[in-house]
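Add 90 to the 1-based position in the sequence shown for this note's numbering, that's all there is to it.
For each residue, glycine too, the CB sits at the ideal point set by N, CA and C.
Predicted, not measured: the structure shown is a model, and the values here were computed from it.
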Amino acid sequence: MTKMLKTRHLRHPLHAARGLGLLLRLHATAARRGFEGLWHYKGDARFQLALVEQGLLARDDTGPCDEQILRRICRAYRAATCAPVQEVYTPTAWWKILQRTSLRHVIAALTMGDITALQRMYANFFRDSCSDGLVGKNLLITATPSRALAALHKSAYLVEALSRLDRWRNLTSGEYDLCDLRGPNVGNPFGIVLDGVFIANGAEHQHYGSRRITDITEKSDALIAEIGGGYGAMAYYLLRDSPKLKYWNFDLPESLALAAYYLFRNFPEKRILLYGEAPMSVSDLDDYDIVLMPLSELPRIPSCFADIVFSAHAMSDLDENALMVYLEHVRHLTKKYFLYQGMRDAASHFQQLIDESRGLMLIDKKEYYLHGPCRRDHLQCELLYEISRDQ
Numbered sequence: 091m092t093k094m095l096k097t098r099h100l101r102h103p104l105h106a107a108r109g110l111g112l113l114l115r116l117h118a119t120a121a122r123r124g125f126e127g128l129w130h131y132k133g134d135a136r137f138q139l140a141l142v143e144q145g146l147l148a149r150d151d152t153g154p155c156d157e158q159i160l161r162r163i164c165r166a167y168r169a170a171t172c173a174p175v176q177e178v179y180t181p182t183a184w185w186k187i188l189q190r191t192s193l194r195h196v197i198a199a200l201t202m203g204d205i206t207a208l209q210r211m212y213a214n215f216f217r218d219s220c221s222d223g224l225v226g227k228n229l230l231i232t233a234t235p236s237r238a239l240a241a242l243h244k245s246a247y248l249v250e251a252l253s254r255l256d257r258w259r260n261l262t263s264g265e266y267d268l269c270d271l272r273g274p275n276v277g278n279p280f281g282i283v284l285d286g287v288f289i290a291n292g293a294e295h296q297h298y299g300s301r302r303i304t305d306i307t308e309k310s311d312a313l314i315a316e317i318g319g320g321y322g323a324m325a326y327y328l329l330r331d332s333p334k335l336k337y338w339n340f341d342l343p344e345s346l347a348l349a350a351y352y353l354f355r356n357f358p359e360k361r362i363l364l365y366g367e368a369p370m371s372v373s374d375l376d377d378y379d380i381v382l383m384p385l386s387e388l389p390r391i392p393s394c395f396a397d398i399v400f401s402a403h404a405m406s407d408l409d410e411n412a413l414m415v416y417l418e419h420v421r422h423l424t425k426k427y428f429l430y431q432g433m434r435d436a437a438s439h440f441q442q443l444i445d446e447s448r449g450l451m452l453i454d455k456k457e458y459y460l461h462g463p464c465r466r467d468h469l470q471c472e473l474l475y476e477i478s479r480d481q
């Protein structure tokens, strides 16, 4: 266990105590979930730790990203971070902490145009701190616990992975096969391997989100706008399975940079526009398949531009004033639908604010456990709104 303490913890007894306490809580949680999972999945042939062990193996990027693309990403990042931005579009307090800590190295590389460092981080982003806040990490990829502790954490991880799979099958009414969850090796992802199919961490929810969107729009060439698209996982499934769709993502500069890398690598044939590369005129923007813009560009988007606006969790951390501003953008931007996904507590407040406003009518609501039987605190809520232009 002491192997997992950082060297800096040994310099100060208080730091060491805090670090040890955190690890103990982490191990205790893993033990509880693992044992609960053993009971829940008793007799289930899928409950094999080998699935996790195979899923943790390195899946190296298939090749280096084009240097010119990385330079485009750096230029767009610098343009976005140097442009004047209203307070409502700035990062939340939580994201600012990440910028000062785990994201500081990738921010330095983007700012300085250090292509070598950026390529190294992005090629391994699932396991690197450059994706903190966007990719859920696991102790098994960031530390070296003892064999007994590793078994506990593998059991806990497998429980959550199988729970997500079962929930995905339920939400999609069993219409899809495991192979539909198969994703690329870009970024060296980790997950589990089941029936010969590698399933990256979180792939089930991202795939479900993409299918939910296409089911709602029912248009093969719809324009999808996402607020807070992360590194582009949902967009990957969306564009892979519905290649005629157009996709716009509004997010913070660090997220957009990683999403640009991920989408460039996966869709080299698509026309992708980054911030600062072209004027924001509708006639010109129609030429692009993927558009990645900072949040501050939302006020410049024409009315009724997107067929549906989608946001998963990203709007949950906003304060009430900021949330009302974003909801106004949603009403302005979308032709007909707004699909929101978030944890139930945040969604309840979200729904209350919308109910008090005008122009958004709730037409569907779903609740489900995101991580299954051992994570009862992770109750997800999904809200689908239709836009009314009469108010």
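Would you check if the segment 315 to 322 and the segment 282 to 292 touch, i.e. whether three or more CB-CB distances between them fall below 8 Å?
No, the segment 282 to 292 is not in contact with the segment 315 to 322.
Please classify residue 107 as buried or exposed, where buried requires at least 16 neighbouring CB atoms within 10 angstroms.
Translated into positions along the sequence shown, residue 107 becomes position 17. Residue placement at residue 107 is poorly supported in this model, since its pLDDT is 41, which falls under 50; the coordinates are not used for a value here.
Need the endpoints of the beta strand (DSSP E) that residue 138 sits in, please.
Numbered from 1 along the sequence shown, position 48 holds the residue referred to as residue 138. Where residue 138 is concerned, there is no enclosing beta strand (DSSP E), given that its DSSP letter is neither H nor E.
Would you report the Cα separation of residue 305 and residue 475, rounded to the nearest angstrom?
As a position in the sequence shown, residue 305 is number 215, starting the count at 1. As a position in the sequence shown, residue 475 is number 385, starting the count at 1. Taking the straight line from one Cα to the other gives about 14 Å.
Across which residues does DSSP place residue 39 in a beta bridge pair?
Residue 39 is absent from the structure shown; the chain starts at 91 and stops at 481.
On the DSSP letters alone, give me the boundaries of the beta strand (DSSP E) that residue 477 sits inside.
For the purposes of this step, residue 477 is identified with residue 387 of the sequence shown, where counting begins at 1. Segment 469 to 477, the beta strand (DSSP E) holding residue 477.
Tell me whether residue 174 is buried or exposed, calling it buried when 16 or more other Cβ atoms sit within 10 Å of its Cβ.
The residue labelled residue 174 in the question sits at position 84 within the sequence shown. So residue 174 ends up on the exposed side.
Secondary structure at residue 357, three-state DSSP: helix, strand or coil?
For the purposes of this step, residue 357 is taken as the residue at position 267 of the sequence shown. In this structure, residue 357 counts as coil in the three-state DSSP scheme.
Could you compute how far the alpha carbon of residue 195 sits from the alpha carbon of residue 420?
Position 105 of the sequence shown holds residue 195. Position 330 of the sequence shown holds residue 420. Computed Cα separation, rounded: 33 Å.
Is it the case that the Cβ atoms of residue 278 and residue 355 are separated by a distance below 7 Å?
Looking up residue 278 in the sequence shown gives position 188. Looking up residue 355 in the sequence shown gives position 265. Contact: no.
Within its chain, find whatever has a CB closer than 6 Å to the CB of residue 455; leave out the 5 residues flanking it on each side and keep chain order.
Position 365 of the sequence shown, counted from the start, is the residue given in the question as residue 455. Closer than 6 Å at Cβ, skipping near neighbours: 473.
Who pairs with residue 150 in a beta bridge, going by DSSP?
In the sequence shown, residue 150 corresponds to position 60, counting from 1. Residue 150 is not bridged to any residue.
Excluding five sequence neighbours on each side, which residues of the same chain lie with their C-beta closer than 6 Å to the C-beta of residue 300?
Start at 1 with the first residue of the sequence shown, and residue 300 comes out as number 210. The residues are 324, 327 and 328.
Under DSSP, the beta strand (DSSP E) around residue 424 begins and ends at which residues?
Position 334 of the sequence shown, counted from the first residue, corresponds to residue 424. Its beta strand (DSSP E) spans residues 424 to 433.
For the beta strand (DSSP E) containing residue 456, name the first residue and the last one.
As a working note, residue 456 is residue 366 in the sequence shown. 450 to 459 is the span of the beta strand (DSSP E), which, as asked, contains residue 456.
Please state the DSSP three-state secondary structure of residue 170.
The residue you call residue 170 lines up with position 80 of the sequence shown. Three-state result, residue 170: helix.
Return the CA-CA distance between residue 257 and residue 135, expressed in angstroms with no decimal places.
For the purposes of this step, residue 257 is identified with residue 167 of the sequence shown, where counting begins at 1. For the purposes of this step, residue 135 is identified with residue 45 of the sequence shown, where counting begins at 1. Whole-angstrom Cα-Cα distance: 18 Å.
Check whether the segment 395 to 406 and the segment 426 to 442 touch, using three or more Cβ-Cβ pairs below 8 Å as the test.
Taking 8 Å as the limit for Cβ pairs, the verdict is that the segment 426 to 442 does touch the segment 395 to 406.
Relative to the C-alpha of residue 224, which residue among 230, 141 and 352 is closest?
Taking the sequence shown and counting its residues from 1, the one referred to as residue 224 is at position 134. Of the candidates 230, 141 and 352, the one whose C-alpha sits nearest the C-alpha of residue 224 is 352.
Taking 7 Å as the cut-off, decide whether the C-beta atoms of residue 412 and residue 178 are in contact.
As a first step, residue 412 must be located in the sequence shown, where it is residue number 322. As a first step, residue 178 must be located in the sequence shown, where it is residue number 88. It is a contact, given that the beta carbons lie within the stated cut-off.
Are the CB atoms of residue 423 and residue 440 nearer to each other than 7 Å?
Locating residue 423 in the sequence shown gives position 333, counting from the first residue. Locating residue 440 in the sequence shown gives position 350, counting from the first residue. No, the Cβ-Cβ distance between residue 423 and residue 440 is not below 7 Å.
Just the Cα atoms here: how many angstroms apart are residue 149 and residue 204?
As a working mapping, residue 149 is identified with position 59 in the sequence shown. As a working mapping, residue 204 is identified with position 114 in the sequence shown. Their backbone Cα atoms lie some 24 Å apart in a straight line.
Apply the 10 Å Cβ neighbour rule to residue 211 and answer buried if 16 or more other Cβ atoms are within range, or exposed otherwise.
Working through the sequence shown from its first residue, we reach residue 211 at position 121. Classification of residue 211: buried, given that the 10 Å Cβ count is 16 or more.
Helix, strand or coil: how does DSSP classify residue 278 here?
Within the sequence shown, residue 278 is the residue found at index 188, counting from 1. If DSSP states are grouped into helix, strand and coil, residue 278 belongs with coil.
Hey, residue 198 and residue 151: beta-carbon distance below 7 Å or not?
On the sequence shown, residue 198 is found 108 positions in, with the first residue counted as 1. On the sequence shown, residue 151 is found 61 positions in, with the first residue counted as 1. No.
So, helix, strand or coil for residue 213, using DSSP?
For this step, residue 213 is matched to residue 123 along the sequence shown. In the structure shown, residue 213 sits in coil (DSSP, three-state: anything other than H, G, I, E or B).
With distances taken from CA atoms, which of 309, 377, 437 and 161 is nearest residue 426?
Numbered from 1 along the sequence shown, position 336 holds the residue referred to as residue 426. It is 309 whose Cα lies nearest to the Cα of residue 426.
Please state the DSSP three-state secondary structure of residue 337.
Within the sequence shown, numbered from 1, the residue matching residue 337 stands at position 247. Three-state result, residue 337: strand.
Residue 140: buried (16+ other C-beta within 10 angstroms of its C-beta) or exposed?
Against the sequence shown, residue 140 aligns to sequence position 50. It counts as exposed.
For residue 316, list the residues DSSP reports as bridge partners.
On the sequence shown, residue 316 is found 226 positions in, with the first residue counted as 1. 339 and 400, per the DSSP bridge assignment.
Taking the straight line between their C-alpha atoms, what separation do you get for residue 184 and residue 337?
Position 94 of the sequence shown, counted from the first residue, corresponds to residue 184. Position 247 of the sequence shown, counted from the first residue, corresponds to residue 337. Straight-line Cα distance between these residues: approximately 27 Å.
Ordered along the chain, which non-local residues of its own chain (more than five positions away) have a Cβ less than 6 Å from that of residue 190?
As a working mapping, residue 190 is identified with position 100 in the sequence shown. Counting only Cβ-Cβ distances below 6 Å, and skipping sequence neighbours, we find nothing.
Buried or exposed, going by whether 16 or more other CB atoms sit within 10 Å of the CB of residue 451?
For the purposes of this step, residue 451 is taken as residue 361 along the sequence shown, with counting starting at 1. Flag for residue 451 reads exposed.
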